[in-house]
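One structure is given below, encoded as structure tokens.
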Amino acid sequence: MSDAGAGGDDDEVIHDAPNFIRVYKSGRVERFLRIDFAPPSTDAATGVSSRDVVVVPGDGVSARIYLPATPASGYGRRLPVLVFFHGGGFCLGSAFDAATHGHANRLAARAGVIVVSVEYRLAPERPVPALYDDAWAALQWVASHAAGEGKEPWLTAHADFGRVHVGGESAGANIAHHAAMRAGAEELGHGVKVNSLVLIHPYFLGGDGDGYSESDEMGMALLRELIRLWPVVCPGTSGCDDPWINPMADGAPSLAMLGCCRALIYIGGKDAMRGRGRLYCEKLRECGWRGEVEIWEADGQGHGFHLLWPTCTQAEAQLRVIADARKIDVELLHGRLIVHKLSNRHPQKYYCIVHPPTYGNLITVLSIDGGGIRGIIPAVVLTFLESELQGG
1 MSDAGAGGDD DEVIHDAPNF IRVYKSGRVE RFLRIDFAPP STDAATGVSS RDVVVVPGDG
61 VSARIYLPAT PASGYGRRLP VLVFFHGGGF CLGSAFDAAT HGHANRLAAR AGVIVVSVEY
121 RLAPERPVPA LYDDAWAALQ WVASHAAGEG KEPWLTAHAD FGRVHVGGES AGANIAHHAA
181 MRAGAEELGH GVKVNSLVLI HPYFLGGDGD GYSESDEMGM ALLRELIRLW PVVCPGTSGC
241 DDPWINPMAD GAPSLAMLGC CRALIYIGGK DAMRGRGRLY CEKLRECGWR GEVEIWEADG
301 QGHGFHLLWP TCTQAEAQLR VIADARKIDV ELLHGRLIVH KLSNRHPQKY YCIVHPPTYG
361 NLITVLSIDG GGIRGIIPAV VLTFLESELQ GG
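UniProt numbering applies: residue 1 is where the sequence shown begins, and numbers increase by one.
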């Protein structure tokens, strides 16, 4: 399959990855990995509804947004938002591909989140690092709805902008990392912050080979191709220790600047880049970053297995771990606020706060970034909550 017309006999090939992509000196690009387009719909299996939206008019940046079947209603019952980036080595894939579409449906249903799956522009036409700007534009677009001024009704009506998360798979995980780093240096606007980062089989390389792991023939072949592909999608790169592809490299921006309070990393036990994911986790723990990082490994599984075999036991387990981390933290029930897991120091502790209507105007919005908690809590109990959190 080609996405460009044929060139002349003198059109020199400068990169040829069999079954993936061919790039010509003239700038012409052929992509051989077919996109199995899936239209937006109401998914019969999950009940999740989806629709396509324009993020940046005229620039080709769009997204598919997913809304669970039973969206929350009323203040304190809004849904978290996960801004998600697909994989494909920066040059392949689509938010509208059937495999990506199915994964987003399952994630929205299982976790009870609004998923914004971003259709960013691909390299080499839109090379690294320029395509990171598309990701940032998507995050800003989501944040613009926090003041009720955005044009997407599913976000204005149902999104909790105190719980915005960013994530991705493979190259999309790399993009998500850089979006979270930028969120640590710049404001998204409208008071919106990135709460957590979800990295699924991240595409991170390293010039010294540190962190590469033994894999089967298919896994090692994929790693070799991704190493060869990197200078094609990032012209002028310094190599595999370029901070864009190796955030742990000497001279890379400090991971302590990561602009979120939690990171979740998922690796495959047969993924040749799984060691890079482990190293990323270790560096986060060592660098002085004040957030919490967790890592989960799927034994015996390779890179992107959850898209190839979405119903396998390990794919279901991976989805469940992601979903459990994204569950709604605050429930308004029978006139009470039930606040779950207020801090990592009290992982099994639950607080039930009586909220009688006689409190009237003594109401305060409490947002605890570290625990992802956002809800309406009487001001008179804030001292109690703060003392519990600070007491360790």
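We put the beta carbon where it would ideally sit given N, CA and C, even for glycine.
DSSP lists no bridge partner for E12. Around the beta-carbon of E152, 16 or more other beta-carbon atoms lie within 10 Å, marking it buried.
For I175, the closest alpha carbon among the candidates S196, F85 and G268 is that of F85. Contact between the segment 289-298 and the segment 246-265 is present: 3 or more CB-CB pairs across the two stretches fall below 8 Å.
For W296, the beta-bridge partners assigned by DSSP are Y266. Contact annotation: the segment 110-125 touches the segment 77-84, with at least three C-beta pairs closer than 8 Å. Pairwise C-beta distances place the segment 34-42 in contact with the segment 83-102, as three or more of them are shorter than 8 Å.
Here P124 is near V23, since their CB atoms are less than 9 Å apart. In the three-state DSSP reduction, Y120 falls in the coil class, being neither helix nor strand.
Taking one beta carbon from each stretch, the segment 197-209 and the segment 239-252 have 3 or more pairs nearer than 8 Å; the two touch. Scanning its chain for C-beta atoms nearer than 7 Å, with the 5 sequence neighbours on each side dropped, one finds around V53 the residues S62, A63, I65 and E152, in chain order. If you ignore the 5 residues before and after A108, its C-beta comes within less than 6 Å of the C-beta of V48, Y66, P68 and V115, all in its own chain and listed in chain order.
The closest CA to that of L226, considering only G302, A171 and G60, is found on A171.
Per DSSP, P202 lies in no alpha helix (DSSP H) and is assigned neither H nor E. In this structure, V166 keeps its C-beta atom at 9 Å or more from the C-beta atom of Y266. L92 carries a coil assignment under DSSP once its states are collapsed to helix, strand and coil. Per DSSP, G47 has no beta-bridge partner at all. Per DSSP, I21 is one residue of the beta strand (DSSP E) stretching across I21 to Y24.
Beta-bridge partners of R31 (DSSP): I21. Burial state of I14 is exposed, judged by a 10 Å Cβ sphere holding fewer than 16 other Cβ atoms.
In this structure, the beta-carbon distance from H145 to R78 does not fall below 9 Å.
Counting only residues of its own chain and dropping the five nearest sequence neighbours on each side, K283 has a CB closer than 6 Å to the CB of M248 and L255. For E187, the secondary structure class from DSSP, reduced to helix, strand or coil, is coil. With the rule of 3 Cβ pairs closer than 8 Å, the segment 186-193 counts as touching the segment 136-150.
In the structure shown, H303 adopts coil according to DSSP, grouped into three states.
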